[in-house]
Structures are given as C-alpha cells and as structure tokens.
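All residue numbers for the sequence shown refer to the numbering used here, where the first residue is 161 and numbers rise by one.
Glycine included, each C-beta is placed from N, C-alpha and C at the ideal position.
Notes follow the structure.
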Amino acid sequence: MAKCTSVFLNSEATIDWENDVESVPINLVASQVFTLGDNVFSLGAGLHYWAKGPENGPDGMGARIMITWLIPQ
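Structure representation (structure tokens):
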C-alpha cells in the first residue's frame, strides 16, 4: 500500500442566537497513512485556535493527536 498524506484546514463555528454568543475554532491537521504488519493506520496531529469564543469559554491555541485503525472491507 502506498503511503498517503493529507492536510486540511477547517472551522466548526457554533452560534447561540438566544444569548448572542459565538464559538469559532480554526483547525489545521496533517495525517499520514501507514502499514504496521498487516494493519493499516492513519496517524495525525494538528493545532486549533479559538478565533472567537464566550468570555468563560475556550480561547488560545490547542493541539490534538489521533490514530485511526483502517479496517479493510
């Protein structure tokens, strides 16, 4: 299996119309598909930045890592 790399940028905005509050995280993630024995995995890491949020909500930068076991059909 060929190694595949993906990079994506997205935002997942949430708006509370009743309280006029917005949460806007921006995510940048890169992942790589690889094999380990007979198994195929996707390993990724990324950063997220809270562009806008409520006073008592999340703010600043954060990070995430993820691994996904890709099960063949």
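Residue i and residue j closer than 7 Å at C-beta
| i | j | result |
| --- | --- | --- |
| A205 | I225 | yes |
| S171 | S191 | no |
| I227 | L203 | yes |
Close beta carbons around residue i, own chain, < 6 Å, minus the five adjacent residues each side
| i | result |
| --- | --- |
| L169 | L188 |
| A173 | V184 |
N- and C-terminal bounds of the beta strand (DSSP E) containing residue i
| i | result |
| --- | --- |
| W229 | G220 to L230 |
| N199 | N199 to K212 |
| N187 | V181 to L196 |
| N170 | C164 to S171 |
Own chain residues within Cβ distance below 8 Å of residue i, not counting five before or after
| i | result |
| --- | --- |
| W229 | N199, V200 and F201 |
| A223 | A205, G206, L207 and H208 |
Residue i: CB within 6 Å of a non-hydrogen atom of the ligand GTP
| i | result |
| --- | --- |
| S183 | Only the bare structure without any ligand can be found here, which leaves the ligand GTP out of the picture. |
Checklist entry - Are the region 206-220 and the region 177-185 touching by the rule of at least three beta carbon pairs closer than 8 Å? => result Yes: the two stretches touch, three or more of their Cβ pairs being nearer than 8 Å.
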